[in-house]
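Let me begin by presenting the structure, written as structure tokens, before commenting on it.
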Amino acid sequence: MKCYLHPNVDAVGVCSECGRGVCVSCATSVKGKLYCRNDFGKVRLRNELRAKADAKRPPTLTIASVLFVLYGVGELALAILLMYTGVVPSAAKGPLDFFGTGSSVGLIDSSISIAPLIAGGVLFVASAAGMLTGDWLWRRRKFGVALGSFQIVLGLIITGALYSYSHASAASDVAVGVIALNVVLAALTAAGYRSLR
Ligand SMILES: [Zn+2]
Ligand SMILES: [Zn+2]
79 MKCYLHPNVD AVGVCSECGR GVCVSCATSV KGKLYCRNDF GKVRLRNELR
129 AKADAKRPPT LTIASVLFVL YGVGELALAI LLMYTGVVPS AAKGPLDFFG
179 TGSSVGLIDS SISIAPLIAG GVLFVASAAG MLTGDWLWRR RKFGVALGSF
229 QIVLGLIITG ALYSYSHASA ASDVAVGVIA LNVVLAALTA AGYRSLR
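If you're matching positions, the sequence shown starts at 79 in the numbering used here and goes up one per residue.
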């Protein structure tokens with residue numbers, strides 16, 4: 079096979095764009111593929127446009143990042159609230175206080191005073207996971223999806239636990255809200271998944 083631009087020169091390969099033979103002086107290699115003189119510019123432009131589109135963060139991921147951080151902040155606030163309402167200090171003071179009527183938080187049945195302690199601890203973990211997920215998704219790392227899934231599952235478990243311990247109607251409102259938030263977060267993350275690296 080000869081170069082299509084230089085009929086007297088042997089081709090070293092075939093242009094990946096037009097499929098014609100190219101000689102060593104006409105061929106340009108881009109990411110392991112050969113291109114002829116005429117197509118090289120076109121391919122480079124296309125790659126640049128693609129890179130530019132890739133550099134732009136999809137709005138769904140931006141919203142997901144912010145929501146995950148807010149989710150984490152909310153869980154942290156709830157964890158601090160649970161601890162602050164006397165559960166942890168009581169636990170430190172003595173077993174009687176620990177098992178006594180610990181919590182004044184309506185979401186928790188005060189007769190099961192160990193629940194706020196466990197929930198508070200789990201909430202700290204969930205809070206950290208939520209904030210980290212926001213950060214990973216912001217930096218468009220695929221691992222953010224794994225961490226986000228962990229956060230969503232943990233969030234639903236916590237919500238389920240709070241709801242099952244609670245007699246307050248506020249608990250069901252919170253549960254519905256958290257479930258809705260998790261659905262939105264999953265949808266946003268899935269929508270932006272393709273732009274993750
Ligand atoms: Zn070509
Ligand atoms: Zn040539």
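Beta carbons are placed, not taken as given, at the ideal position from N, Cα and C, and that holds for glycine.
Rounding to the nearest angstrom, what Cα-Cα distance links residue i and residue j in this structure?
i	j	result
SER94	ALA105	10 Å
ALA265	ASN86	59 Å
ILE158	SER205	11 Å
SER107	GLY99	14 Å
ARG128	CYS114	20 Å
PHE228	VAL92	48 Å
ILE186	ALA253	Note that ILE186 has pLDDT 47, beneath the 50 cutoff, so the model's placement of it is unreliable and no number is given.
ALA133	VAL147	22 Å
ALA131	LEU123	12 Å
ALA269	GLY119	33 Å
LYS109	ILE235	47 Å
Is any non-hydrogen atom of ligand 1 found closer than 7 Å to the C-beta of residue i, if you look at the structure I gave you?
i	result
CYS101	no
ARG124	no
CYS93	yes
CYS96	yes
ASP117	yes
Give me, in chain order, the residues of the same chain whose beta-carbon lies closer than 8 Å to that of residue i; leave out the 5 immediate sequence neighbours on both sides.
i	result
LEU225	ALA207, LEU210, THR211 and TRP214
ILE230	ASN260, LEU263 and ALA264
CYS96	CYS114, ASN116 and ASP117
GLU126	none
HIS76	Since the first residue shown for the chain is 79 and the last is 275, residue 76 is missing from the structure and cannot be characterised.
Within this structure, are the beta carbons of residue i and residue j separated by less than 8 Å?
i	j	result
LEU274	GLY233	no
LEU145	LEU263	yes
LEU201	LEU156	yes
VAL121	VAL102	no
HIS237	VAL261	Looking at the sequence provided, one finds Thr at residue 237 rather than His. No. Outside cutoff.
ARG218	LEU139	yes
Please go through the same chain and pick out, in chain order, the residues whose beta-carbon is closer than 7 Å to the beta-carbon of residue i, but skip the five residues on each side of it.
i	result
LYS220	LEU274 and ARG275
SER250	TYR241
MET161	GLY198
MET79	ALA89 and GLY99
CYS81	VAL87, ALA89, GLY99, VAL100, CYS101 and CYS104
SER143	GLY212, LEU215 and TRP216
Return yes when the C-beta of residue i is under 7 Å from any heavy atom of ligand 2, and no when it is not.
i	result
LEU112	no
VAL223	no
VAL90	no
VAL262	no
LEU266	no
Check each candidate in the options and name the one with the smallest Cα separation from residue i.
i	options	result
VAL203	SER103, GLY152 and SER247	GLY152
ARG272	ARG135, GLY119 and LYS109	ARG135
Closer than 6 Å by C-beta to residue i: which residues in its own chain qualify, once you throw out the five before and the five after it? Chain order, please.
i	result
LYS111	SER94
LEU154	SER205
ILE141	LEU266
TYR149	GLY208
PRO137	none
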